[in-house]
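All remarks here apply to the structure that follows.
Numbering (the numbering used here), first residue to last: 61 to 692.
Written out as C-alpha cells, the structure reads:
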C-alpha cells in the first residue's frame, strides 16, 4: 500500500483579492499599483514561487510606505506562502506571524483564522502534531464566532489533511466531504476544490478504490490547469501514475510520469523532477528491467542529494536502487543503499518508508543466507507494520519470517507463520473479489444508466412522432370536410392532398417501426453483454481458490515434515490436475475419460491429505465408450 500523497492545502491563497476602492471613493495611483502587485503575487506564486515572493515584497514596501495595514498583512501572507511552497519553513513562519499580528491589531478575525491555518501548514511540515491541532482548533473557534462557513470548511479540510497524514483516513474523509459542502454552499473556490479533490484521492487510495482515486486526481489536475498551478498539476499526474502502478498498467503510469516531467521541466522544479525519476525507477523495476531502474534511481537520488531535498522519495529512490541490485543478484552492492536509507529515515521519520526499508533489508539478508540479521531487521518493525502497514506489507513480513526461521532450523515457528500467511492470503483474496464485485456492479450501473437514457430518448422521439401523426390526422379531417363543401374542384384537390397525407402517414409509421426495432436491438445487445459477463465469471470460477490454497498448504506440510516422496507424488498430481482443468476450460466439451482422469487426480490428492480417513470408487457403465462420449 503506498503512502497517501496529500498535497498541503492551498491556504496561502484563501485570502481574497485585495479591494482598495471604498464605496464613494476612487483609487489613487498608489492603491491601483498595490492591488495589481498583490493580485500578481497571488496568481504567479502557484507556477513560480520566486516571482510570487518578489511581487509580494514589492507590495509590502508600497503598503508600508502608504501605512495600509490591511495590505501589509496580506503582503506578509503572500510572501510567507511563497516560502512555504519552497519548504523554507523558518521564513514562512516569520512572515505568517507578522501577518497575524497585523490582522489582530486591526481586528480582522477572518484573516486571523486564515493565517492560523497557514501556520498550521508550517507545523504540519515540521511534524509538530500538538501545534497543528492547537492552531486548527483556534482557527475553527474564530470561524464559528464570526459565522464564516467558508473558513469553517477550510478548517475542516485542513484538519482532514492532518488526520490523513496520521493514518486516520475514515475521519479525514468525513471532514473533507463536509468541508467541501460548506465551501460550495458559499462560493465556488477552484483552488480549495483542487486541494480537497487531491486529498480525497489519497483517501480513496487507502480504501483500495483506485478508479475513484484516479477520477479525483484528474479532476484536481483539470482545476490546476484552470488556475495555473503547475506545481500541483505535476503532482496530480504523479499521483495518477502511482495509481496505475497499483493497477499493473505500467505503460499508462509511464505516460503520466512523462506528463509530470514535462510540466515540472518548464518551471525547473527540481524536487518534482527528482520525484518523477524515483517513480519511473519503481515502474521499470516492476516491468523486469532492473538495469534501467538503477539508472533512473541513480538520477533521482543524485538530484535529491545535490538539491539537499529530504523527502520520502529520497528514501524510495535508495530502496528502489537496492531492490534493483537484488534483482540482479548483486547483494553486496545493495546493502549500503538500504543502510543509507535506514540512517536517513532517522531524520525524515517516514513510518511507511521505514517499513519498506526494513522489509527490503530482511529480504536481502535472506538472499545472503544471513537469517539472524533478517530476523533482527524484522523485529524492529513488527509493531509498526501492525499499526500502519497494509495487508501486503504484513504478508511480506510473514514470508520473510518463514524464510528466516526455516534457515535457522525453527520449523515449528516457520509453520505458524506459514499458517498466518495462508489466512492473510485468503483475506486478501476475499477483499480483491469484493473489489471486483463492486467494480462489476459499477460497470453494470453505468451501462444501465446509459441504456435507460437511450431508451428515454427513443421514447421521447416516439411520442413526438405520434403527436405529429395525430396532428396530421386532424389536418386530414379538416381538409376532407372542406373538399365535401367545395364540390368537384375541391374533390380533385382533396384527392391530391389525401395522397400526400397518406404518404406522410406511412413515413411516420415507418419511423415509429424503425425506432421500435432499434429499441429491441438495444435490449438484445444488453442481454448479450450480460451473458458474456456471466460466461466469463463462470470460467474464472472453475478453479476454487480455497482448493489451490489448501493444496499448496498440504504440499508445504509434506515438505516441512520431510516426506519428499509423498510431496513429489502430490505435486505431480496437482500440476497435472491444474493443467487438465485449464485445458478443458478452453474447449466446448470434454470426453468422459478426460473427466474421469481429472476426478482420479483430485481424489488421489484428497486421499494423500486425509489418508485412511477416506476411500472412493469410480464406476462406469461397461458398454460406455468413454473416449467418444463428450459432455460440456
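A virtual CB, placed ideally from N, CA and C, is assigned to each residue, including glycine.
Where residue i falls, given that 16 or more other Cβ within 10 Å makes a residue buried
i: residue 551; result: exposed
i: residue 340; result: buried
i: residue 670; result: exposed
i: residue 674; result: exposed
i: residue 659; result: exposed
i: residue 303; result: buried
i: residue 190; result: exposed
i: residue 350; result: buried
i: residue 179; result: buried
i: residue 692; result: exposed
i: residue 477; result: buried
i: residue 92; result: exposed
Residue i and residue j closer than 7 Å at C-beta
i: residue 254; j: residue 280; result: yes
i: residue 394; j: residue 406; result: no
i: residue 109; j: residue 151; result: no
i: residue 465; j: residue 484; result: no
i: residue 380; j: residue 342; result: yes
i: residue 211; j: residue 167; result: no
i: residue 367; j: residue 330; result: yes
i: residue 424; j: residue 460; result: no
i: residue 630; j: residue 612; result: no
i: residue 310; j: residue 347; result: yes
i: residue 263; j: residue 233; result: yes
i: residue 695; j: residue 633; result: Here the chain covers residues 61 to 692 and nothing more, so residue 695 does not appear.
i: residue 417; j: residue 402; result: yes
i: residue 657; j: residue 690; result: no
i: residue 382; j: residue 332; result: no
i: residue 619; j: residue 625; result: no
i: residue 571; j: residue 525; result: yes
i: residue 577; j: residue 529; result: no
i: residue 213; j: residue 242; result: yes
i: residue 561; j: residue 536; result: yes
i: residue 404; j: residue 431; result: no
C-alpha gap between residue i and residue j, whole angstroms
i: residue 95; j: residue 105; result: 16 Å
i: residue 135; j: residue 113; result: 9 Å
i: residue 558; j: residue 590; result: 48 Å
i: residue 664; j: residue 688; result: 25 Å
i: residue 387; j: residue 195; result: 47 Å
i: residue 97; j: residue 283; result: 24 Å
i: residue 638; j: residue 472; result: 30 Å
i: residue 203; j: residue 129; result: 22 Å
i: residue 188; j: residue 355; result: 36 Å
i: residue 156; j: residue 297; result: 30 Å
i: residue 496; j: residue 475; result: With a pLDDT of 41 at residue 496, under the threshold of 50, the modelled position of this residue cannot be trusted; read the value that follows with caution. C-alpha separation (whole angstroms): 31 Å.
i: residue 463; j: residue 103; result: 56 Å
i: residue 428; j: residue 392; result: 8 Å
i: residue 306; j: residue 119; result: 46 Å
i: residue 81; j: residue 375; result: Bear in mind that a pLDDT of 39 at residue 81, under 50, signals an unreliable position, so the model cannot answer this.
i: residue 344; j: residue 338; result: 10 Å
i: residue 502; j: residue 272; result: Interpretation of residue 502 is limited by its pLDDT of 43, a score under 50 that renders its predicted location unreliable; no figure is taken from the coordinates.
i: residue 116; j: residue 335; result: 29 Å
i: residue 504; j: residue 137; result: Low confidence applies here, because residue 504 scores a pLDDT of 44, under 50, leaving its location unreliable; read the following figure in that light. Their Cα atoms are separated by approximately 49 Å.
i: residue 83; j: residue 171; result: Here residue 83 scores only 40 on pLDDT, less than 50, and its place in the model should not be relied on; the value that follows carries that caveat. Taking the straight line from one Cα to the other gives about 21 Å.
i: residue 389; j: residue 435; result: 21 Å
i: residue 458; j: residue 482; result: 10 Å
i: residue 683; j: residue 676; result: 22 Å
i: residue 127; j: residue 99; result: 19 Å
i: residue 583; j: residue 523; result: 19 Å
i: residue 68; j: residue 221; result: Its pLDDT being 43, under 50, residue 68 is placed unreliably in this model, and the value from its coordinates should be taken loosely. Distance between the alpha carbons of residue 68 and residue 221: 7 Å.
i: residue 686; j: residue 642; result: 20 Å
Nearest-angstrom Cβ-Cβ length linking residue i and residue j, presumed shorter than 8 Å
i: residue 238; j: residue 216; result: 6 Å
i: residue 153; j: residue 182; result: 5 Å
i: residue 316; j: residue 328; result: Not a contact, Cβ separation roughly 20 Å.
i: residue 224; j: residue 185; result: Contact flag wrong, Cβ pair sits at about 14 Å.
i: residue 444; j: residue 414; result: 7 Å
i: residue 319; j: residue 290; result: Not a contact, Cβ separation roughly 11 Å.
i: residue 276; j: residue 260; result: 5 Å
i: residue 205; j: residue 169; result: 7 Å
i: residue 573; j: residue 532; result: Contact flag wrong, Cβ pair sits at about 16 Å.
Contact test: residue i Cβ vs the ligand GTP heavy atom, cutoff 6 Å
i: residue 115; result: Judged by which ligands are present, the structure shown has none, so any question about the ligand GTP falls away.
Neighbour flag for residue i against chain C, beta carbons, 7 Å
i: residue 292; result: Chain labels in this structure do not include chain C; a single protein chain is all it has.
- Return the chain-ordered ranges of every beta strand (DSSP E) run that is complete within the stretch 74 to 149 and spans a minimum of 3 residues. none
- Which full runs of the beta strand (DSSP E) of 3+ residues lie inside the stretch 515 to 588, going along the chain? none
- Whole runs of the alpha helix (DSSP H) within the stretch 267 to 332, excluding any shorter than 4 residues: 270 to 287, 290 to 307, 310 to 326
- Query: If you scan the stretch 604 to 671 from start to end, which runs of the alpha helix (DSSP H) of 4 or more residues do you find wholly inside it?
  - Reply: 605 to 621, 624 to 645, 652 to 670
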